[in-house]
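A.B. asks:
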Amino acid sequence: MEAANRGAIQDEIRFVARAEGCSPEALMRRVAKGAVVILKVPFGEGSEALGIGEGLRIKVNTNVGTCSDLVDTDLELQKAKLAVSLGSDTIMDLSTAGDLDGIRRSLLHSLRVPLGTVPIYQAAIDSIERRGSIVDMDEDYILDVIERHGKDGVAFMTLHSGITRSIVEHLKGQPRVTGIVSRGGSFLTAWIFHNGKENPLYSQFEYILELAKKYDFCLSLGDALRPGCLADASDHLQTEELYTIGRLVERARKAGVQAMVEGPGHMPLNQIAANVILEKAVCKGAPYYLLGPLVTDLGAPYDHIVAAIGSAVAGMAGADFLCVVTSAEHLGFPMLEDIRHGVVAAKLAAHALDIVRIGENAMELDLRMAKARARLDWDEQIRLSIDPERAKKVHMAVPTKTGACSMCGPYCTYKILARYLGTDQVMTEKCL
91 MEAANRGAIQ DEIRFVARAE GCSPEALMRR VAKGAVVILK VPFGEGSEAL
141 GIGEGLRIKV NTNVGTCSDL VDTDLELQKA KLAVSLGSDT IMDLSTAGDL
191 DGIRRSLLHS LRVPLGTVPI YQAAIDSIER RGSIVDMDED YILDVIERHG
241 KDGVAFMTLH SGITRSIVEH LKGQPRVTGI VSRGGSFLTA WIFHNGKENP
291 LYSQFEYILE LAKKYDFCLS LGDALRPGCL ADASDHLQTE ELYTIGRLVE
341 RARKAGVQAM VEGPGHMPLN QIAANVILEK AVCKGAPYYL LGPLVTDLGA
391 PYDHIVAAIG SAVAGMAGAD FLCVVTSAEH LGFPMLEDIR HGVVAAKLAA
441 HALDIVRIGE NAMELDLRMA KARARLDWDE QIRLSIDPER AKKVHMAVPT
491 KTGACSMCGP YCTYKILARY LGTDQVMTEK CL
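Position 367 of the sequence shown, counted from 1, bears residue number 457 in the working numbering, the numbering being contiguous throughout.
Structure follows, in structure tokens:
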């Protein structure tokens, strides 16, 4: 960001500009004003990077990571690689059990996409092992964990710096149906209440900025007070935290540090656009990274669909970065098939938005798919589909000798009209 402010076009900006089809100069200006962040690719070749923000393709992140009931590093690597194969632009490691350093480093060395983390998770889990309790976390140790992640090559970190002592005091007088649903937010709130002190991620923000500059990672300012149900959406706690985050974004920019902002959560359809517009205004155009929003609380085990609906609405209002919600959301630990469902749903929402946001260039594949359908080219249709493996299984489930799909068979519209429209399809006698 500092280089962009000086008018210098670094290799990473040129790399992203080529990938996005925009001029390096225009991209540099967006980076300089904080409307675009550039994430590094760990151990990539040369200047590989990913851009998120104004005027760029909508990006998708997938969360992986162990839990206390299942520690399997190989499984998490499989999930991450599956997500990337389906088009996930980034991966986040949310591990809370096992060798946390080892898992993170395995992901970093195995992937060619930016990796994000939530350092407060490791600080809290380590505190339980070292001191017996989350609320006994040592402030310096939290900062040490952030530095460790930075040294390892993490591209972006979720930091819940916006939840302050004064805001959490309001929790007592502002009862919520679901309270705090952010895991990191709950860790920090318990720590604040127990110790009677300010959130270290807020009080030590200047030092965190120094670490971000030193190790070149992007801040992803977490929404610890995101609504966990429709009834809690757009309340005073959520908006008060957002205004605090807006001030932190300004501090980050003055320090030459990249920052994006994380958003809700659960939210009715008619509140989504207003919330995105508010974030863009309060945070002066900072890229907006959304979990959903989920537009109903009844979606499990189809919350990946619920999230895709909310993501499409949010993207139309200006959101930039979508976090995958899996079909296991609210129910349990996601497995490989849950990851598949979640990534596909998020990528479909992102692509639908790119058609509007980017225009004809984004619709090129759709046109190729349409032409393949018109000529009944099944190999090409399957290759172009969002999930070729599943597309092939569905197509082959009920075999047909007609050359069409088994739904229409000999009554395929393309075959029936081929002779009259002058297309290449051969009309069978059975269709006459």
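Cβ coordinates follow ideal geometry from the N, Cα and C atoms, glycine included.
Using only the heavy atoms of the ligand ZN, determine whether one of them is closer than 6 Å to the beta carbon of residue 386.
C.D. replies: Inclusion of the ligand ZN in the displayed structure is not the case, the ligand content being empty and no account of it being possible.
A.B. asks: Using only CA atoms, which one of 222, 396, 100, 162 lies nearest to residue 139?
C.D. replies: 100
A.B. asks: Rounding to the nearest angstrom, what Cα-Cα distance links residue 465 and residue 199 in this structure?
C.D. replies: 43 Å
A.B. asks: Counting C-beta neighbours from all protein chains within 10 Å, is the total for residue 371 16 or more, i.e. buried, or is it exposed?
C.D. replies: exposed
A.B. asks: Closest to residue 458 by C-alpha separation, out of 470, 449, 448, 447, would be which residue?
C.D. replies: The residue among 470, 449, 448, 447 with its C-alpha nearest the C-alpha of residue 458 is 470.
A.B. asks: Going by DSSP in three states, residue 418 sits in which element: helix, strand or coil?
C.D. replies: coil
A.B. asks: Quick one: what's got a C-beta closer than 6 Å to residue 399's C-beta in the same chain, skipping five residues either side?
C.D. replies: 385
A.B. asks: Taking residue 401 and residue 439 to be in contact with their CB atoms under 8 Å, please state how far apart those CB atoms are, rounded to whole angstroms.
C.D. replies: 4 Å
A.B. asks: Rounded to whole angstroms, what is the Cα-Cα separation between residue 272 and residue 296?
C.D. replies: 24 Å
A.B. asks: In the stretch 275-327, which residue ranges form an unbroken beta strand (DSSP E) of at least 3 residues, counting only runs that do not cross its ends?
C.D. replies: List check, beta strand (DSSP E) in window: 308-311.
A.B. asks: By how many angstroms is the C-alpha of residue 512 removed from the C-alpha of residue 482?
C.D. replies: 29 Å
A.B. asks: Spatial neighbours of residue 383 within its chain, please: CB distance less than 7 Å, with the 5 preceding and 5 following residues excluded, ordered by chain position.
C.D. replies: 354, 355, 356, 357, 362, 400, 404
A.B. asks: Apply the 10 Å Cβ neighbour rule to residue 304 and answer buried if 16 or more other Cβ atoms are within range, or exposed otherwise.
C.D. replies: exposed
A.B. asks: With a Cβ-Cβ cutoff of 7 Å, do residue 157 and residue 186 count as a contact?
C.D. replies: yes
A.B. asks: Could you pull out every residue in the same chain whose Cβ sits closer than 6 Å to the Cβ of residue 324, ignoring the five residues on either side in sequence?
C.D. replies: 361
A.B. asks: Buried or exposed: residue 451, going by 16 or more other Cβ atoms within 10 Å of its Cβ?
C.D. replies: Burial state of residue 451 is exposed, judged by a 10 Å Cβ sphere holding fewer than 16 other Cβ atoms.
A.B. asks: Return the chain-ordered list of same chain residues with a C-beta closer than 8 Å to the C-beta of residue 479, the five sequence neighbours on each side being excluded.
C.D. replies: none
A.B. asks: Report buried or exposed for residue 550, applying the criterion of at least 16 other Cβ atoms within 10 angstroms of its Cβ.
C.D. replies: The first residue shown for the chain is 91 and the last is 522, placing residue 550 beyond what the model contains.
A.B. asks: Provide the residue span of the beta strand (DSSP E) that contains residue 153, from first to last.
C.D. replies: Run containing residue 153: 149-154, per the beta strand (DSSP E) assignment.
A.B. asks: Between which two residues does the beta strand (DSSP E) containing residue 349 stretch?
C.D. replies: 349-353 is the span of the beta strand (DSSP E), which, as asked, contains residue 349.
A.B. asks: What would DSSP say about residue 487, mapped onto helix, strand or coil?
C.D. replies: helix
A.B. asks: Given this structure, state the Cα-to-Cα distance separating residue 418 from residue 152, to the nearest angstrom.
C.D. replies: 13 Å
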